[in-house]
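The sequence shown begins at 1 in UniProt numbering and counts up by one. Glycine included, each C-beta is placed from N, C-alpha and C at the ideal position.
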Amino acid sequence: MARSQRQRRDETVARLLDASIATIAEAGYARASAAAISKRAKVSDGALFRHFATMGDFMAATANEVSRRQLELFTKQVAEIPAERPPLEAVLTILRDITRNSANAVLYELMVAARTDEKLRATLRSVLEQYRSKIYDVARALPGADSFPEDIFPPWWPWSPTHLTGRPSCRRCCLNPTSKPSGYRF
């Protein structure tokens with residue numbers, strides 16, 4: 001059966017995002033050119049710009065895909081915690097493992113680059129803000145999180161994004177860690 005134009009587009013974008021993540025993880029942001037990513041995705045050099053207006057937009061989509069994968073992996077692994085295992089210990093182990101994976105290195109790379117690249121920083125702002133908001137939601141749903149009153153939970157929750165997103169390495173493009181999620185700003 002023939003694939004629709006939408007299916008072909010979605011497959012191309014998925015290949016480009018996979019290639020971007022792999023290229024940044026292996027070679028770093030500085031070497032993740034449109035040509036290198038397109039070659040790795042096995043698409044024409046112009047394919048990337050048929051789907052994304054700018055390289056910044058594409059990098060924001062890359063960051064969005066990485067954050068989606070990280071949260072999905074975390075949520076899946078938390079759901080699989082055995083009942084007999086202490087939840088805090090299990091969650092911290094999962095968090096440690098996820099922050100050590102190559103996908104998380106991609107977020108580090110993008111945020112470090114955004115520290116000195118105004119255009120990249122501008123395109124990443126909303127993606128990172130959404131990511132932190134989702135991290136907060138996931139953290140609020142963790143086993144035992146309901147024992148923290150709302151006025152105590154906000155000062156605690158940035159600890160998790162610090163480990164998921166490398167706060168010290170991206171201080172200039174990160175959020176204010178002392179305010180509530182809705183009050184965070186770039």
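Cα-Cα separation between residue i and residue j, rounded to whole angstroms
i, j, result
"F52", "A34", "11 Å"
"A105", "S126", "19 Å"
"S67", "V43", "24 Å"
"D117", "S102", "22 Å"
"T165", "Q70", "Its pLDDT being 49, under 50, T165 is placed unreliably in this model, and the value from its coordinates should be taken loosely. Rounded to whole angstroms, T165 to Q70 spans 10 Å at the Cα level."
"I21", "L88", "30 Å"
"Q130", "E80", "25 Å"
"I94", "L73", "9 Å"
"A26", "A36", "A small correction: the amino acid at residue 26 is Glu; Ala does not occupy that position in the sequence shown. E26 and A36: Cα-Cα distance of roughly 12 Å."
"T54", "A83", "47 Å"
"R85", "R9", "44 Å"
"V112", "T12", "27 Å"
"Q5", "R50", "13 Å"
"E150", "A32", "41 Å"
"G144", "D97", "20 Å"
Own chain residues within Cβ distance below 6 Å of residue i, not counting five before or after
i, result
"R15", "A41"
"A114", "L120, R121, L124, C173"
"D146", "none"
"A19", "I37, R40, A41"
"D45", "A35, S38"
"I24", "A32, V106, E109"
Within 8 Å, strictly: CB atoms of residue i and residue j
i, j, result
"L142", "L124", "no"
"T75", "V138", "yes"
"L17", "A61", "yes"
"A63", "L107", "yes"
Contacting residues, own chain, Cβ-Cβ under 7 Å from residue i (five flanking each side not counted)
i, result
"A30", "none"
"V78", "V91, I94, L142"
"G28", "E109"
Span of the alpha helix (DSSP H), counted from its first residue to its last, around residue i
i, result
"E150", "Unbroken run through E150: none, as it is neither H nor E."
"P87", "87 to 99"
"K119", "118 to 140"
"S44", "That residue, S44, is in no alpha helix (DSSP H); it is neither H nor E in DSSP."
"I81", "Segment: none, I81 is in no alpha helix (DSSP H) and carries neither H nor E."
"S20", "5 to 27"
Same chain only: Cβ atoms within 8 Å of residue i, ignoring 5 sequence neighbours per side
i, result
"D57", "T123"
"R3", "E11"
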